[in-house]
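Reviewing the structure listed below.
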Amino acid sequence: MSSARERRLATLLERLVAGHLDAVLVTSLPNIRYLTGFSGSNALLLVTGRDAHLVTDFRYQTQAATESGDVCNVRVETSNLWSGLWSLMGGLAGVQSVGFESAHLPHRDFQRLMERGERWHWRPVTDLVEGLRAQKDAEEVAHIRTAGAMAIRALHETLERVRIGMTELEVCGILEHALRDAGSEAHPFAPIVASGPRSALPHARASGRAIAPGEFLLLDFGASTGGYCSDVTRTVILGRADERQRAIHEAVREANRVAREGIRAGMRGREGDALARSVLESRGLGELFGHGLGHGIGLEVHEAPRLSRLAEEVLPEGSVVTIEPGVYVPEWGGVRIEDDVHLGADGADLLTDFTRELLVLS
Numbered sequence: 008m009s010s011a012r013e014r015r016l017a018t019l020l021e022r023l024v025a026g027h028l029d030a031v032l033v034t035s036l037p038n039i040r041y042l043t044g045f046s047g048s049n050a051l052l053l054v055t056g057r058d059a060h061l062v063t064d065f066r067y068q069t070q071a072a073t074e075s076g077d078v079c080n081v082r083v084e085t086s087n088l089w090s091g092l093w094s095l096m097g098g099l100a101g102v103q104s105v106g107f108e109s110a111h112l113p114h115r116d117f118q119r120l121m122e123r124g125e126r127w128h129w130r131p132v133t134d135l136v137e138g139l140r141a142q143k144d145a146e147e148v149a150h151i152r153t154a155g156a157m158a159i160r161a162l163h164e165t166l167e168r169v170r171i172g173m174t175e176l177e178v179c180g181i182l183e184h185a186l187r188d189a190g191s192e193a194h195p196f197a198p199i200v201a202s203g204p205r206s207a208l209p210h211a212r213a214s215g216r217a218i219a220p221g222e223f224l225l226l227d228f229g230a231s232t233g234g235y236c237s238d239v240t241r242t243v244i245l246g247r248a249d250e251r252q253r254a255i256h257e258a259v260r261e262a263n264r265v266a267r268e269g270i271r272a273g274m275r276g277r278e279g280d281a282l283a284r285s286v287l288e289s290r291g292l293g294e295l296f297g298h299g300l301g302h303g304i305g306l307e308v309h310e311a312p313r314l315s316r317l318a319e320e321v322l323p324e325g326s327v328v329t330i331e332p333g334v335y336v337p338e339w340g341g342v343r344i345e346d347d348v349h350l351g352a353d354g355a356d357l358l359t360d361f362t363r364e365l366l367v368l369s
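In the working numbering, the protein residues as written are 8 to 369.
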């Protein structure tokens, strides 16, 4: 894996040269992990034309050396990371113009740059590392595929145990335990478990509401392995489904299918979104699909590229994105069906394989 990190740092260096920068200060922890492998919770990374320097604290001395010592110099600071950064930068020759991640730097830390780093010329940069992360290599895709398999295993186990009368919180507990049992290192986000009218809330949190017969139950969750995430949603019925529920679920299922089969690398994000949106619009449901079709996943559950009506960015070959059309009827209920796909040279490769037919549970 060190060779992959070396390639990433080399590519970042090419971007520095193209941007007329002598160095870049990386403060986003997912970006630091992508470049160096360091998975701790406190670090700064300075990448120059010659070396990469990771500054962390005593808690991560051994971890940083193990995870990142082969690709960067590790500096352990016993007081303050920023003091360590200034000391480090003071000893570097030829570093004048330094980029900083403007989207990942709190105002307090920006003030530190201005007050203590006045001898350097600081330039804000955006998407410098995120653009690299959008294109996954084979090992990254393998991690996401494994995380997808973990999520599907947990879904099977959860649906076998769900019963009418359980609360959303009870179902969420079953799901979280099943994810851990499947091998997930962490929950990439708090699982969404929403029943009945609450399934019309796209990002509902599990509540103490008991699931009644004939209601939708929406489950949106993910697994994680090697730091990489999966993101899956299925909507089922407990009891008996009526015609309206079946019709809306079928419309969302068809939108998911058309998007999965039609999406390609090289499309703009809005073109991918239109694949699913056109299906729902043709059935009079377009106004009830209020969010974008999907987003990239990787070290973070939401990352580049984006798929929405306004997304002009091109979907790069190698990206892994979600396909998650949904229909939400206020005070009635909602349906979302979400899968993860890898956009390769030959089209979209499905990473999350579980039935999209409407499951009616007893």
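Glycine included, every Cβ here is placed at the ideal spot set by N, Cα and C.
Top-ranked residue by Cα proximity to G190, from H309, L208, T43, A230: As a working mapping, residue 190 is identified with position 183 in the sequence shown. Checking every option, the nearest Cα to that of G190 belongs to A230.
Buried or exposed (CB count within 10 angstroms, at least 16 for buried), E345: Along the sequence shown, one-based indexing puts residue 345 at 338. Buried, by the Cβ-count rule.
H194 in three-state terms, based on DSSP: By 1-based counting over the sequence shown, the position of residue 194 is 187. DSSP places H194 in coil when its eight states are reduced to three.
Contact check, L182 vs L226, beta carbons under 8 Å: One-based indexing of the sequence shown puts residue 182 at position 175. One-based indexing of the sequence shown puts residue 226 at position 219. Yes, the Cβ-Cβ distance between L182 and L226 is below 8 Å.
CB of A248 within 8 Å of CB of P332, strictly: Taking the sequence shown and counting its residues from 1, the one referred to as residue 248 is at position 241. Taking the sequence shown and counting its residues from 1, the one referred to as residue 332 is at position 325. For A248 and P332, no; Cβs fall outside 8 Å.
Secondary structure, beta strand (DSSP E): runs of 3+ residues fully inside the stretch 67 to 135: Taken in chain order, the complete beta strand (DSSP E) segments of 3 or more residues contained in the stretch 67 to 135 are 80 to 84, 104 to 108, 128 to 132.
Residues bridged to Y235 [DSSP beta-bridge criterion]: The sequence position of residue 235 within the sequence shown is 228, counting from 1. According to DSSP, Y235 bridges with T232.
Other residues of its chain near G47: CB distance less than 7 Å, five sequence neighbours each side excluded: On the sequence shown, residue 47 is found 40 positions in, with the first residue counted as 1. Excluding positions up to five away in sequence, the list reads T63, Y67, Q70, A71.
E175, enclosing alpha helix (DSSP H) - first and last residue: Residue 175 sits at position 168 when you count from the first residue of the sequence shown. Looking at the DSSP string, the run of the alpha helix (DSSP H) that includes E175 is 175 to 188.
Separation of I171 from A110, as counted between CA atoms: For the purposes of this step, residue 110 is identified with residue 103 of the sequence shown, where counting begins at 1. For the purposes of this step, residue 171 is identified with residue 164 of the sequence shown, where counting begins at 1. Going by the C-alpha atoms only, they are around 45 Å apart.
Beta-carbon proximity check, L23 vs V33, cutoff 8 Å: Here residue 23 corresponds to residue number 16 of the sequence shown, with the count starting at 1. Here residue 33 corresponds to residue number 26 of the sequence shown, with the count starting at 1. Their beta carbons are not under 8 Å apart, which means L23 does not touch V33 by this criterion.
Classification of G280 by the beta-carbon crowding that lies within 10 angstroms, buried from 16 upward: By one-based count along the sequence shown, residue 280 stands at place 273. According to the sequence displayed, residue 280 carries Asp and not Gly. Flag for D280 reads buried.
For L61 and V81, the rounded distance between their alpha carbons: Taking the sequence shown and counting its residues from 1, one reaches residue 81 at position 74. Taking the sequence shown and counting its residues from 1, one reaches residue 61 at position 54. The straight-line gap from Cα to Cα measures roughly 5 Å.
Contacts around S75, its chain only, beta-carbon distance under 7 Å, and the 5 residues preceding and following it disregarded: Taking the sequence shown and counting its residues from 1, the one referred to as residue 75 is at position 68. Contacts found: T43, G44, F45, L61, V81.
Span separating the alpha-carbon of Q118 from that of V78: One-based indexing of the sequence shown puts residue 118 at position 111. One-based indexing of the sequence shown puts residue 78 at position 71. Those two C-alpha atoms are separated by around 30 Å.
Limits of the alpha helix (DSSP H) - the one that T43 falls within: In the sequence shown, counting from the first residue as 1, residue 43 sits at position 36. 36 to 43 is the span of the alpha helix (DSSP H), which, as asked, contains T43.
Residue burial classification, S206 (beta-carbon count within 10 angstroms, cutoff 16): In the sequence shown, residue 206 corresponds to position 199, counting from 1. Flag for S206 reads buried.
For I199: DSSP bridge partner residues: Locating residue 199 in the sequence shown gives position 192, where the first residue counts as 1. Beta-bridge pairing links I199 to D227.
Rounded C-alpha distance that separates D353 from W89: Along the sequence shown, one-based indexing puts residue 353 at 346. Along the sequence shown, one-based indexing puts residue 89 at 82. Each residue's alpha carbon lies about 46 Å from the other.
Which of helix, strand or coil DSSP assigns to G279: As a first step, residue 279 must be located in the sequence shown, where it is residue number 272. Helix, per DSSP.
Backbone CA spacing between T240 and S326 [nearest angstrom]: Position 233 of the sequence shown holds residue 240. Position 319 of the sequence shown holds residue 326. Whole-angstrom Cα-Cα distance: 20 Å.
Distance between G215 and T359 (C-alpha atoms, nearest Å): Stepping through the sequence shown from its first residue, residue 359 is reached at position 352. Stepping through the sequence shown from its first residue, residue 215 is reached at position 208. T359 and G215: Cα-Cα distance of roughly 29 Å.
Separation of R130 from E146, as counted between CA atoms: One-based indexing of the sequence shown puts residue 146 at position 139. One-based indexing of the sequence shown puts residue 130 at position 123. Distance between the alpha carbons of E146 and R130: 33 Å.
Cβ pair E175, V200 closer than 8 Å: Here residue 175 refers to the residue found at position 168 when the sequence shown is read from its first residue. Here residue 200 refers to the residue found at position 193 when the sequence shown is read from its first residue. Going by C-beta atoms, E175 is nearer than 8 Å to V200.
Boundaries of the beta strand (DSSP E) in which A355 is found, first to last residue: As a working mapping, residue 355 is identified with position 348 in the sequence shown. Unbroken beta strand (DSSP E) run through A355: 354 to 357.
Reference R343, options G297, H309, L245, E307, closest by Cα: Here residue 343 refers to the residue found at position 336 of the sequence shown. For R343, the nearest C-alpha among the options comes from G297.
Residue from L28, G234, P337 with nearest C-alpha to A149: Here the question's residue 149 lines up with position 142 in the sequence shown. Relative to A149, the option among L28, G234, P337 whose CA is nearest is G234.
Reference D188, options A154, S285, A272, closest by Cα: Walking along the sequence shown from the start, residue 188 turns up at place 181. Ranking the options by Cα distance to D188, first place goes to A154.
CB of R275 within 8 Å of CB of E320, strictly: What you label residue 275 is simply residue 268 of the sequence shown in a count that begins at 1. What you label residue 320 is simply residue 313 of the sequence shown in a count that begins at 1. The answer is yes: Cβ separation under 8 Å.
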